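Here the working numbering is used: position 12 in the sequence shown is 2, and no number is missing along the way. The C-beta atom is built at its ideal place from N, Cα and C for all residues, glycine as well. What you are looking at is a predicted structure, and each value in this text was computed from that prediction instead of being measured. Take a look at the structure below.
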Amino acid sequence: MELTDKTIKLLEKQGFVIVSTLTEGGAIHSVAKGIVGIEKEGKVFVIDLFKNNTYNNLKRNSNVSITAIDDQSYDGYTLQGKAKIVPREDIQDHIVAKWEDKIIERISNRMISSIQKGKRSNEHHEAKLPKHPKYLIEIDVEEVIDLTATFKDNS
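Pasting the structure below:
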């Protein structure tokens, strides 16, 4: 499924997306994961730094959705599709480098924001994350659901 430019732009702005999978019992499991790539042809690439619930859920059932919301414009999308697990050793180097650049950018932005607000903080949560991804989630998007808020004039 081809993704629109608007969808791609919103996803590219996100530091992370909410990834939802199904547990063995059929419950929804949702967690934040880092997005590292989008292809117009309908592929989205998400890094997973851990190999826990999401990984186990995807091994059993490849159905997945990712959700992203822009808190300024209230635009948002849920992309549903099938996931493929790409082992760490098969992740292309440029994807890992892109993830590392995103982490550095987040730490820098947090530090600058703290300085501008006059706050002193040594908390850089991103720096505590594992350095290398455990695997990559390659999502073949089958459906895009527009979550953009529409406001009615109730006068």
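Have a look at the options and flag the residue whose alpha-carbon is nearest the alpha-carbon of residue i.
i: H84; options: A58, I129, R50 and F35; result: F35
i: V7; options: G32, T57 and Y45; result: T57
i: D38; options: V9, E31, Q62 and L(-7); result: V9
i: R78; options: K30, F40, L12 and T11; result: F40
i: G27; options: A17, Q62 and T(-3); result: T(-3)
i: L128; options: D61, K74, N46 and S52; result: Inspection of the sequence shows that residue 128 is occupied by Glu rather than by Leu. The option with the nearest alpha carbon to E128 is K74.
i: I125; options: M(-9), L1, K49 and L12; result: Residue identity check: residue 125 is Tyr in the sequence provided, not Ile. It is K49.
Return the first residue and the last residue of the beta strand (DSSP E) that residue i is part of.
i: N53; result: N53 to I59
i: T11; result: V7 to L12
Bridge partners for residue i per DSSP, in chain order?
i: L(-7); result: Answer is none; L(-7) lacks a bridge partner.
i: T138; result: Paired residue(s): none; T138 is not in a bridge.
i: L126; result: I37 and V76
i: I105; result: Its beta-bridge partners do not exist; DSSP assigns none.
i: I(-2); result: DSSP output for I(-2) lists no bridge partner at all.
Three or more C-beta pairs below 8 Å linking the region 15 to 24 and the region 65 to 75 = A contact is defined here as three or more CB-CB pairs under 8 Å, and the region 15 to 24 fails this definition with respect to the region 65 to 75.
Hey, which unbroken runs of the beta strand (DSSP E) at 3 residues or more fall wholly within the region 20 to 95?
-> Counting only runs of 3 or more, we get 33 to 38, 53 to 59 and 66 to 77.
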